[in-house]
Structure formats: structure tokens, C-alpha cells
Amino acid sequence: MLADYCNGSMDPRLREELDGHLSRCEPCMAFTNTFRATCDGTRKLRETIEYAIPDEVRERLEAFVRSSALKYPEKMREYRDQIERDRREKVADLVGAAAAGKLSSATALLVESHCAACPDCSGYIDASRKTGTPPAGDPPEGIQSHLIALMQALPPGEEFFLA
Amino acid sequence: MSAERWKDDEVLLESLRKGDPGAVVELLRLYQGKIFNLAMSILKNESDAEEATQDVFMTVIRKVGTFQGNSAFYSWIYRICVNTCLMRLRGKRRNETVSIEEFMPVFTDEGMHASPMDDWSKEVERDALNEELGRMIRKFTEELSEKYRVVFVLSDVEGLSNEEAAKVLGLTVPAIKSRLHRARLYLREQLSRYLREGRAE
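Chains U and W, in that order, are what the protein sequence lines are.
Per my numbering, residue 1 is the first one in the first sequence, and the count goes up by one each step.
Per my numbering, residue 1001 is the first one in the second sequence, and the count goes up by one each step.
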């Protein structure tokens, strides 16, 4: 009903009644105004929304569509494994950079604030820093997924290495 | 949705059915952003959203021959996207989402608003606050459970009508209206609290 009132599609007699009440009742008026402002806010959001898709996601998507993964679903597994390998490599690079003290300042900040809240990652990164190189093999699954999320939190296009 | 969009989709649909290779590239160009963002709003992380997006395009391309035209092409694509994403959510550990009840308006026995009512509507018309409002809406939307978030995204963000959203989600129109309304009430309350806190500084 409120939605109809706000977009003008309410029955005129009902609207008149509601207008009457609103003119006498401050809380209801405030509620209706703020409700309407909320709906306007989301409408404006719709007008300005950019359908941003990260470059590498877009490229992988295009490669996927052109690849035989479409015709041969069994190749999906291969394709996904490749993506997984790419991600693991990136995580290893990140940990290596952290170990060598070569993170960009934005990345270092992200890593620091995450590690402050996450003992597992903190322990893993500290151990790497002590030896100067990351431990052999992949990090445990939990740490792996935290570090992936961390990298995805970087602004698009930003590298995590110091220039 | 606009009439031009309808026409573009008709042409695209025909080319896809004919197996025109350029059509697939065009399909991607038109929809990859929207599908990825819709997937992100449901799944909330890039890896899942990316895989879901691949699944969606694969399904669309392979099933385009069976599309009956009972609904608009774009709403069929959105439906595939929503189903793909919701299936992924099943069996996954859900992220913490807020309980919407906490944000519904409360009334006294006499039917009056029980909580204090600030009217901040005029203030947010100023441009600077507008952008911030947009950001806050996106943030609060993320915290909603999928049940409400998906309806809100399809209706208020993607601009689908109640009828179209109902078809995409397999719900009745009253169910759509109800969830949409509650999502909006939730947002209104969240924005009120946020703006009130800001003013108190």
C-alpha cells in the first residue's frame, strides 16, 4: 500500500484519506517521507550502477566461451583446474612477497589488519617472514581462501608487489 | 524493460538459434556484467560468482533451442542465473545475515509508531549525501538474507516488474510484493539508524 502511495498508483479516495492522516500525524509523515526517500535512493542507485566486472574475470569468461568447454563439458573440470592453479600461484606469490618484505603498502595494510583478527594466517605469514621464504607446498585450505579473499579486496588493477 | 531491449534480444535470440558464432560474443557483451553482478549479489564472493557466471552462459547457449518465448529472453537468462546461484548456496555454509524482524516498524497498542521518527528525507536530497546513501544501501543490502536480497536486487536494482520478478523466482506476485516491501522497510530502518548516529557525532 505504501509502495502504491509513493509511486502514485494509489486509489484517489484512499490517497485523500491517507493524506489527511499524514497532515495530522508527524511520526507517520516522517515514516512515509523516509520510506519514500529510501525508494528514491535505490532508484538513483539503479541509474548510476555500473556493471563492473574485473578484467581478469571478463577475459577468462571470454576464453571460456570460445574454448571447447562449451561443447565438451568434461573439459570444464580441466578448465576449472587451470583457474585453481592460477589462483594458488597468486597466493604463493603473495606469501613470497610478504616473506621478503616486498608488499605494496595497500596490500601490507590489508594483510596486517586481517592477521590481527586471524591467528592462523598470522602464524603462517610470520613463519614465512622468519625464514624469508614461504613454507613448501600449499597453505592449508582455510588460509588459502582467506588470502584469495584478501587479494580480491585490492582495488582492481592494483599489484601487490612494491614497484 | 524498454522496447528496444526487446528487439535487440529478439535478434540475438535468432542468431543464437542459428548457431552464429558472433552471437555468443554478443550475448557475453550484453549480459556478462549483469549476470556477474547478479551472481555477486547472491553469492557474495568473486570465485563463486565467476563459476556461476560460466555455468549460466553455458546453460543459456546450450538450451537456447528449447527457449519457448513464454517470457522475455532477458528474464529467462536472469532465471537461469538465480537458479544456478541458489543451487550453489544449498549445502554451503551460509554467511551470517541479519534477522529482518529487528528492523520492522514497531507500533504501540493504539497503532502509533513506537520508535522515535526522524524525518531525514529532505537532507538526503543533497548530492553529496546521495552518493553516500547509495553506498550505504549497497552495504545494508549485502547483509540481508537471500530471500529478501534477491527480490530487492531484481526489482529495485535491476528494475524488473513484480510480474517479471515473480516469473524469474518462481514465486507469486503477492509473495514478491511482500518480500520487497519488507526489504524496503529494513533499508529504511537501517538508513535511519545510520543517519541518526552520524548526526549525533
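Here a beta-carbon is modelled for each residue, glycine too, at the ideal position from N, C-alpha and C.
Segment contact: the stretch 8–25 of chain U against the stretch 1094–1110 of chain W, fewer than three CB-CB distances shorter than 8 Å; contact not assigned. Residues of chain U whose Cβ lies closer than 7 Å to the Cβ of W:S1121 are, in chain order, N33, T34, R36 and A37. Its Cα nearest to that of W:G1134, the residue U:K44 stands out among U:L61, U:L2, U:E26 and U:K44. Here DSSP, grouped into helix, strand and coil, assigns U:L154 to coil.
The three-state secondary structure of W:F1067, taken from DSSP, is coil. Remark: fewer than three beta-carbon pairs, one from each stretch, lie closer than 8 Å, so the stretch 121–130 of chain U and the stretch 78–91 of chain U are not flagged as touching. Taking U:R58 as reference, the option from W:L1013, W:E1051, W:S1015 and W:T1059 with the minimal CA-CA separation is W:E1051.
By the rule that beta-carbons nearer than 7 Å mark a contact, W:K1018 does not touch chain U. Residue-level contact by beta carbon holds for U:I53 and chain W, with a gap shorter than 7 Å.
In this structure W:F1107 is exposed. Its beta-carbon is surrounded by fewer than 16 other beta-carbon atoms within 10 angstroms. For the stretch 1008–1035 of chain W, the beta-carbon criterion of a distance under 7 Å to any beta-carbon of chain U is satisfied by V1024, L1028, Q1032, G1033 and K1034. C-alpha of W:P1116 to C-alpha of U:T34: approximately 13 Å in a straight line. Ranked by how close their Cα comes to the Cα of W:H1181, the residues W:L1169, W:G1065, W:H1113 and W:F1103 have W:F1103 in first place. Close CB contacts of U:A92 within its chain, under the 8 Å cut and outside five residues either way in sequence, are with P134 and D138 (chain order). Classified as exposed, U:H21 has fewer than 16 neighbouring CB atoms from the shown chains inside 10 Å of its CB. Proximity of U:A30 to chain W, defined by a Cβ-Cβ separation below 7 Å, is satisfied. Scanning W:D1119, W:R1079, W:Q1190 and W:E1110 for the CA closest to the CA of W:V1150 turns up W:R1079. Restricting attention to W:V1082, W:M1136 and W:D1118, the CA atom closest to the CA of W:V1056 is found in W:V1082. In this structure the stretch 1129–1148 of chain W touches the stretch 1171–1187 of chain W; the number of beta carbon pairs closer than 8 Å is three or more. In this structure, W:D1009 keeps its C-beta atom at 7 Å or more from the C-beta atom of W:F1067. Annotation: W:E1197 to U:P27 spans about 19 Å, alpha carbon to alpha carbon. DSSP, read as helix, strand or coil, puts W:L1144 in coil. With a threshold of 16 other beta carbon atoms within 10 Å, U:M151 meets it and is buried. Residue range P119 to T131 is occupied by the alpha helix (DSSP H) that includes U:R129. Following the DSSP letters along the chain, one finds W:L1043 inside the alpha helix (DSSP H) bounded by residues P1021 to L1043. Less than 7 Å divides the Cβ of W:A1166 from the Cβ of W:V1173. With respect to chain W, the C-beta atom of U:G41 has a partner C-beta closer than 7 Å. Burial check for W:Y1031: the Cβ neighbour count within 10 Å reaches 16 or more, so the residue is buried. At a cut-off of 7 Å, the C-beta of U:V57 has a neighbouring C-beta in chain W. Around the beta-carbon of W:S1075, 16 or more other beta-carbon atoms lie within 10 Å, marking it buried. When DSSP states are grouped into helix, strand and coil, U:L103 belongs to the strand group.
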